[in-house]
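Chemist:
Protein chains: 2
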Amino acid sequence: MSLQLPVQTVSRLCLIYRVLLGMDRETVLSSSKLGKLVNIPAHTIRKDLSVAGKLKSSNAGYKAGELLDFINGLFKFDAPLRVCVAGIGLLGSSFIKNPVQEGGQFIIVAGFDTNINKIEVMKSDVPLYPAYEMADRIRELKIDLGIIAVPAQAAEITMQRMKEGGIKGILNFSPAILGDKDIAVRNVHFAEELRFLTAMIPDLEKGD
Amino acid sequence: MSLQLPVQTVSRLCLIYRVLLGMDRETVLSSSKLGKLVNIPAHTIRKDLSVAGKLKSSNAGYKAGELLDFINGLFKFDAPLRVCVAGIGLLGSSFIKNPVQEGGQFIIVAGFDTNINKIEVMKSDVPLYPAYEMADRIRELKIDLGIIAVPAQAAEITMQRMKEGGIKGILNFSPAILGDKDIAVRNVHFAEELRFLTAMIPDLEKGD
DNA sequence: CCTCGGTTGTGAAATATTTCACAAGTGAAA
DNA sequence: TTTCACTTGTGAAATATTTCACAACCGAGG
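Going line by line, the protein sequences match chains A and B.
Just so we're aligned: 25 in my numbering is position 16 of the first sequence, and the numbers increase by one with no gaps anywhere.
Just so we're aligned: 213 in my numbering is position 204 of the second sequence, and the numbers increase by one with no gaps anywhere.
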């Protein structure tokens with residue numbers, strides 16, 4: 010069943026999914042209108058839907074709700090996922106305090122930190138545990154995804170603990186570059202986003 | 010001069026640049042050793058360097074410092090860039106309080122917010138200004154890049170103000186999807202990173 | 001000097017992805 | 001019913017990107 014979609018197609022479908030979420034289900038969109046909203050050419054959107062197996066609906070635009078359901082059918086985005094956060098620093102605690110509101114898709118169920126004091130002092134609705142309990146708690150709480158927000162030197166061991174607990178995917182905000190053949194890992198690094206941005210600007214006159 | 014490199018090549022060179030930064034300049038790396046550090050196949054690294062115009066150095070590995078210089082020569086990463094942050098919320102102020110330490114490449118020189126109280130109350134080394142002054146201040150302070158960390162509904166006007174001030178690139182953390190034909194824009198959305206991650210996991214058994 | 005294990009740089013082949021072009025469908029209006 | 005201005009879905013063509021294979025090179029150790 011799981012036909013292997015091109016990575017970029019997956020990425021674009023995620024983007025489209027996002028704008029559809031914030032839209033009335035009854036809204037009717039043509040591929041070109043949708044394209045303007047997400048900065049993707051209309052023919053690319055149509056091709057993406059085509060290779061993803063979109064069945065013929067009508068030749069008068071897409072109903073937002075139907076598209077949403079179609080993408081859900083592909084990726085099961087409507088099933089809630091249980092997420093934990095490792096590292097309760099500035100970034101980590103922002104995930105715990107401002108939980109991601111995406112139609113309840115992601116539920117933060119645990120936080121971890123090596124600093125026991127921090128765990129005891131900080132008050133939060135999400136239960137916090139010491140880092141060494143990570144693998145057990147992940148198993149016990151049936152956690153699907155992990156967010157790593159620890160310093161670089163602790164990133165590798167954190168990933169190992171998460172793997173040991175049976176986690177399926179990791180979003181890594183630490184400066185370390187993580188990767189694994191068994192689980193999906195995505196590295197996000199703010200400075201590098203800035204750097205990539207500048208590399209894409211053709212003729213940047215430096216400010217000084 | 011600016012030969013048009015494939016986007017993915019640029020992205021990989023940025024990643025390589027990052028690991029090289031945290032390394033002694035004298036370290037000698039083969040393409041395969043480097044590849045293991047960044048999770049990129051060795052032949053892809055060699056091809057990237059080749060199309061980027063790497064001139065023959067030796068057939069016994071790369072010296073970290075030389076590679077660094079080579080990538081700098083391509084993208085001018087050593088010239089410092091002046092950056093501003095729009096939206097002094099949790100995320101925005103984290104950029105101001107914990108400035109990105111990437112060899113001094115990025116210097117945060119201003120923060121903006123519509124909430125005047127916030128600007129007056131918050132103390133920071135970085136000067137803060139009301140949002141309506143944005144275009145003028147950007148011009149005056151010769152700001153190159155902008156980070157948008159405002160709510161979705163304010164994102165578009167913020168981008169317009171930045172453009173008006175003559176900014177060259179924008180890193181957008183708001184939930185809005187921004188794009189522009191004149192300037193480089195990069196959208197980063199945490200929930201979507203998580204969603205993309207789950208879409209890439211082949212057979213994810215949902216936790217509940 | 002010669003060999004050996006390891007290395008780079010790069011054309012050419014193999015893939016992957018995007019773009020194009022168009023037949024065919026839709027709904028409204030006359 | 002016929003036209004009109006729109007739409008989708010998709011093979012095929014055009015591009016882009018990755019992978020491969022290998023000649024040429026390096027440095028160490030005879």
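Using N, Cα and C, we set each Cβ at its ideal position, and we do this for glycine too.
Since the model is a prediction, treat every value here as computed from it, not as a measurement.
If contact is defined by three or more beta carbon pairs under 8 angstroms, each pair taking one atom from either stretch, is the segment 37-54 of chain A in contact with the segment 66-83 of chain A?
Modeler: yes
Chemist: Could you check what DSSP says for residue 92 of chain A in three-state terms: helix, strand or coil?
Modeler: strand
Chemist: Once you ignore the five residues that flank residue 178 of chain A on each side, which residues in its own chain have a CB closer than 8 angstroms to its CB?
Modeler: 153, 154, 155, 192, 193, 194, 195
Chemist: For the segment 156-174 of chain A, enumerate the residues whose C-beta is nearer than 9 angstroms to any C-beta of chain B, in chain order.
Modeler: 156, 161
Chemist: Using 9 angstroms as the limit for Cβ to Cβ distance, is residue 107 of chain B near chain A?
Modeler: yes
Chemist: Using a beta-carbon distance cut-off of less than 9 angstroms, what residues from the segment 193-211 of chain A approach chain B?
Modeler: 193, 194, 195, 196, 197, 198, 199, 200, 201, 202, 203, 204, 205, 206, 207, 208, 209, 210, 211
Chemist: Taking 9 angstroms as the threshold (beta carbon to beta carbon), is residue 177 of chain A in contact with chain B?
Modeler: yes
Chemist: Does the distance from the CB of residue 119 of chain B to the CB of residue 100 of chain B come in under 9 angstroms?
Modeler: Contact flag unset, no.
Chemist: Counting only runs of 3+ residues fully inside the segment 29-62 of chain A, write out the beta strand (DSSP E) ranges in chain order.
Modeler: none
Chemist: Among A:46, A:31, A:201, which residue has its Cα nearest to the Cα of residue 110 of chain A?
Modeler: A:31
Chemist: Would you say residue 93 of chain A faces chain B, with C-beta separation under 9 angstroms as the test?
Modeler: no
Chemist: Once DSSP output is grouped into helix, strand and coil, what is the label at residue 98 of chain B?
Modeler: coil
Chemist: Going along the chain, which residues of its own chain have a beta-carbon closer than 7 angstroms to the beta-carbon of residue 186 of chain A, five neighbours each way excluded?
Modeler: Excluding positions up to five away in sequence, the list reads 196.
Chemist: Determine the burial state of residue 16 of chain B: buried for a count of at least 16 other Cβ atoms within 10 Å of its Cβ, exposed for fewer.
Modeler: Answer is exposed; the Cβ neighbour count stays below 16.
Chemist: Pop quiz: residue 90 of chain A and residue 121 of chain A are said to be a contact at Cβ under 8 angstroms. What is the actual Cβ separation, rounded to whole angstroms?
Modeler: Actually they are not in contact, since the Cβ atoms of residue 90 of chain A and residue 121 of chain A sit about 17 angstroms apart, beyond 8 angstroms.
Chemist: By the criterion of Cβ-Cβ separation under 9 angstroms, what are the contact partners of residue 27 of chain A in chain B?
Modeler: At a beta-carbon threshold of 9 angstroms, the residues of chain B lying near residue 27 of chain A are 184, 186, 198, 200, 201, 204, ordered along the chain.
Chemist: For residue 57 of chain A, count the other beta carbons within 10 Å of its own beta carbon; 16 or more makes it buried, fewer makes it exposed. Which is it?
Modeler: buried
Chemist: Please go through the segment 182-212 of chain B and give each complete beta strand (DSSP E) segment of 3 or more residues, from N-terminal end onward.
Modeler: Fully enclosed beta strand (DSSP E) runs of 3 or longer: 193-196.
Chemist: So residue 130 of chain A packs on residue 117 of chain A, CB below 8 angstroms; how close in whole Å?
Modeler: Not quite, the Cβ-Cβ distance comes to about 19 angstroms (not below 8 angstroms), so this is no contact.
Chemist: For the beta strand (DSSP E) containing residue 154 of chain B, list its first residue and its last residue.
Modeler: 154-157
Chemist: Against residue 111 of chain A, what residues of chain B qualify as contacts under a CB-to-CB distance less than 9 angstroms, listed in chain order?
Modeler: Think of a sphere of 9 angstroms around the beta carbon of residue 111 of chain A: the chain B residues whose beta carbon falls inside it are 200, 201, 203, 204, in chain order.
Chemist: Per DSSP, residue 117 of chain A is paired with what?
Modeler: A:92
Chemist: Tell me the rounded alpha-carbon separation between residue 184 of chain A and residue 29 of chain B.
Modeler: 13 angstroms
Chemist: Closer than 8 angstroms by beta-carbon distance: list the chain B residues that pair up with residue 47 of chain A, in chain order.
Modeler: 186
Chemist: Given this structure, state the Cα-to-Cα distance separating residue 10 of chain A from residue 207 of chain A, to the nearest angstrom.
Modeler: With a pLDDT of 45 at residue 10 of chain A, under the threshold of 50, the modelled position of that residue is not reliable, and the figure given next carries that caveat. Each residue's Cα considered, the two are about 41 angstroms apart.
Chemist: Output needed for residue 49 of chain B: all residues of its chain with C-beta closer than 7 angstroms, excluding positions within five of it in sequence on either side, in chain order.
Modeler: 21
Chemist: Could you check what DSSP says for residue 180 of chain A in three-state terms: helix, strand or coil?
Modeler: strand
Chemist: I'd like to know whether the C-beta of residue 16 of chain A is nearer than 9 angstroms to at least one C-beta of chain B.
Modeler: yes
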